[in-house]
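First up is the structure itself, then whatever we jot down about it.
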Amino acid sequence: MSRKRKYRRFVLWCLGLDLLAIGWLGYRYLDRKIPDELHVAQGQNQDVQELLEHPMLTFEDAITVSREGSYRIPCKLFGLIPFKEVKVIPTQSSQVLVSGSAVGIYMETQGVLIIDTGEILSEDGTTEEPAKNIVKPGDYIVAFNQQEVSTKKELMDDLKNLDGEEVILDVKRGEETIPVSVTPVKDTEGEYKLGIWVRDDTQGIGTLTFVDGAGHYGALGHGISDVDTGELLSIKDGALYQAQILGIQKGSNGYPGELSGLIHYNENNVIGSITTNSKNGIYGSFNGNINGNIELRQMPVGYKQEMEIGSASVYCSIDGEVQEYTAEITKIDMNHEDTNKSFVIRITDQRLLDATGGIIQGMWVRYNKDNTGKPLKMGASGAYPNSLTTNGKDIF
């Protein structure tokens, strides 16, 4: 084959790859521009049609309606190629009580969380790792020799009775609970250990985002994961407390900064229970605004398709009182795989920039219509936990 033909083939290959890349990027752009699912207040169907309008896409008039009242709108690329179906869910307009107040958080894990396995220096001077390849980081010990285990203290008490015989641990791994056997090793101090690093609770300061009409709240804006395993914590119980802000660690390039505070863990300060730790935040029942220290203001709920590039507000407490600060929404992604990364904001309020350096962990975001600059509706939460810590990990 001549050099000229080889060069021509190479150019054609490059052109083909470029076309494929352009097609893929175009598809990804449209996929994120047109959401898979919309929640729309009843009577706002025209808004849906305007939102989905795009010169490259056509939408069919025929729709499929479910028993729940939701419906699907099929769309095609250039009127020929099936692209996706958009699910539209009619909802009743609702309002919530928006906060932005700092709250204390305490969560107990569902069992004892395994961080990792570790080596034990045995009494004869050799190094052994009895639990290696038997348990995994992210497992939860829920039973020890068929006896339920909830805390590190209970696990410690069970370990005191070890005599060198094999023990059976029931560990929760994902949705399954499986039994595993581990043979303990006697260390240089004469104590039997399994070579497992564990911890069992989490506490810290976060932001209360909203309370709804039924007395349920949402906080933080994303789930609480273990600092070592990176896994979302599986919780058994937890409580929300009143908290006092003590100081600010300013954010900088590569470091988000944080609020630090004081929590009094007593029954008189409990303002709610924690029942759910999900990727979008923690949820539970709100017991009440003790002493009126929690800021709450009523606001209608808005959905992501109502968001617009432009002015927004940040609610947060950096000196013990919730204040509103100005910000700007610079980018909106209607169909991001990570629901916590649907939009990008930039702080514009100089007061907040001077105090914190920008967005720090522990804020809540509300968006505004950019043609008026006035607050419209509660948008997606921009709150993140700050100063969340876990009890020190111990090896057993």
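So that you can map any letter, position 201 of the sequence shown is 201 in full-length UniProt numbering, and since no number is skipped, the others follow by simple counting.
We put the beta carbon where it would ideally sit given N, CA and C, even for glycine.
Because the structure is a prediction, the values reported are computed rather than measured.
Considering only C-alpha positions, which residue in the set Ser285, Gly292, Gly320 and Gly230 is nearest to Ile248?
For Ile248, the closest alpha carbon among the candidates Ser285, Gly292, Gly320 and Gly230 is that of Gly320.
Whose C-alpha, out of Tyr29, Gly174, Val40 and Asp139, is nearest the C-alpha of Thr91?
Out of Tyr29, Gly174, Val40 and Asp139, Val40 has the C-alpha closest to the C-alpha of Thr91.
Output yes or no for whether 9 Å exceeds the beta carbon distance between Ala143 and Asp170.
Between Ala143 and Asp170, the gap from beta carbon to beta carbon is short of 9 Å.
Cβ neighbours of Thr372 in the same chain (closer than 8 Å, five flanking residues each side left out):
Unreliable placement is indicated for Thr372, whose pLDDT of 36 sits below 50; the coordinate value is still reported in the next sentence. By the criterion of a C-beta distance shorter than 8 Å, Thr372 is surrounded by no residue of its chain, once the five residues flanking it on both sides are discounted.
Hey, Val103 and Gln242: beta-carbon distance below 9 Å or not?
Yes, these two residues count as a Cβ contact at 9 Å.
Exposure label - residue 473; buried when at least 16 CB within 10 Å
Absent from the model: residue 473. The displayed extent of the chain is 1 to 396, so no value can be given.
What's the gap between the Cα of Ile347 and the Cα of Lys76?
Cα-Cα distance, rounded: 39 Å.
Among the residues of its own chain, which have a CB less than 8 Å from the CB of Lys153, if the five just before and after it don't count?
Counting only Cβ-Cβ distances below 8 Å, and skipping sequence neighbours, we find nothing.
Please state whether DSSP places Tyr241 in a helix, a strand or coil.
Strand.
Rounded straight-line distance, which links the Cα of Leu52 to that of Arg72:
A straight-line Cα-Cα distance of about 12 Å links Arg72 and Leu52.
Cut-off 7 Å between Cβ atoms - residues of its own chain near Lys160, not counting five sequence neighbours on either side:
If we look at Lys160 and ignore the five residues flanking it on each side, it has no Cβ neighbours.
Can you check DSSP and say which residues form a bridge with Leu137?
According to the sequence shown, residue 137 is Pro rather than Leu. DSSP lists no partner for Pro137.
Quick one: give me the first and last residue of the beta strand (DSSP E) that Glu154 is part of.
Per DSSP, Glu154 belongs to no beta strand (DSSP E); it is in the alpha helix (DSSP H), Lys152 to Leu159.
Same chain, Cβ closer than 6 Å to Asp158, neighbours up to 5 away in sequence not counted
Result list for Asp158: Phe144, in chain order.
Return the Cβ separation of Arg34 and Lys84 in integer angstroms, given the expectation that the two are a contact with Cβ distance under 8 Å.
The sequence as given places Ile at residue 34; Arg does not occur at that position. Correct: roughly 7 Å between the Cβ atoms.
Could you check whether Val182 and Ile196 sit closer than 9 Å to each other, using their CB atoms as the reference points?
Cβ distance < 9 Å, so Ile196 and Val182 count as in contact.
Range covered by the alpha helix (DSSP H) that runs through Leu12
Residue range Arg3 to Lys33 is occupied by the alpha helix (DSSP H) that includes Leu12.
Local Cβ density within 10 Å of Arg28, reported as buried at 16 or more and exposed below that
Of the residues assessed, Arg28 falls on the exposed side of the cut-off, its CB having fewer than 16 other CB atoms within 10 angstroms.
Here's the rule I'm using: 16 or more other beta-carbon atoms within 10 Å means buried, otherwise exposed. How should His264 be labelled?
Exposed.
Should Tyr283 and Tyr217 be called a contact, given that it needs their Cβ atoms to be closer than 9 Å?
Here Tyr283 is near Tyr217, since their CB atoms are less than 9 Å apart.
For a test of the three-state rule: what should DSSP assign to Gly310, helix, strand or coil?
When secondary structure is reduced to three states using DSSP, Gly310 falls in the strand class.
Quick one: what does DSSP say Thr356 is sitting in, helix, strand or coil?
Of the three classes helix, strand and coil, the one that applies to Thr356 here is helix, per DSSP.
Between Ile120 and Glu128, is the Cβ-Cβ spacing less than 9 Å?
Against a cut-off of 9 Å, the Cβ pair of Glu128 and Ile120 comes out as a contact.
Buried or exposed for Val344, going by 16 or more other Cβ atoms inside 10 Å?
Exposure of Val344 is indicated by the presence of fewer than 16 other C-beta atoms within 10 angstroms of its C-beta.
Entirely enclosed beta strand (DSSP E) segments - the segment 79-121, minimum 3 residues:
For the segment 79-121, whole beta strand (DSSP E) runs of length 3 or above, ordered along the chain, are 81-91, 95-98 and 102-117.
Identify whether Gly292 lies in helix, strand or coil by the three-state DSSP scheme.
Reduced to three states, the DSSP call for Gly292 is helix.
Between the C-alpha atoms of Ile271 and Val211, what's the straight-line distance to the nearest angstrom?
Roughly 12 Å between the two C-alpha positions.
Let me confirm a value: Val227 is counted as buried when at least 16 other C-beta atoms fall within 10 Å, else exposed. Which label applies?
Burial check for Val227: the Cβ neighbour count within 10 Å stays below 16, so the residue is exposed.
Name the residue from Phe10, Ala355, Glu308 and Tyr192 whose alpha carbon lies nearest to the alpha carbon of Glu165.
Nearest of Phe10, Ala355, Glu308 and Tyr192 to Glu165, Cα basis: Tyr192.
With a cut-off of 8 Å on the beta carbons, I'd call Gly281 and Thr209 a contact; round off their distance for me.
Right, their Cβ atoms sit about 7 Å apart.
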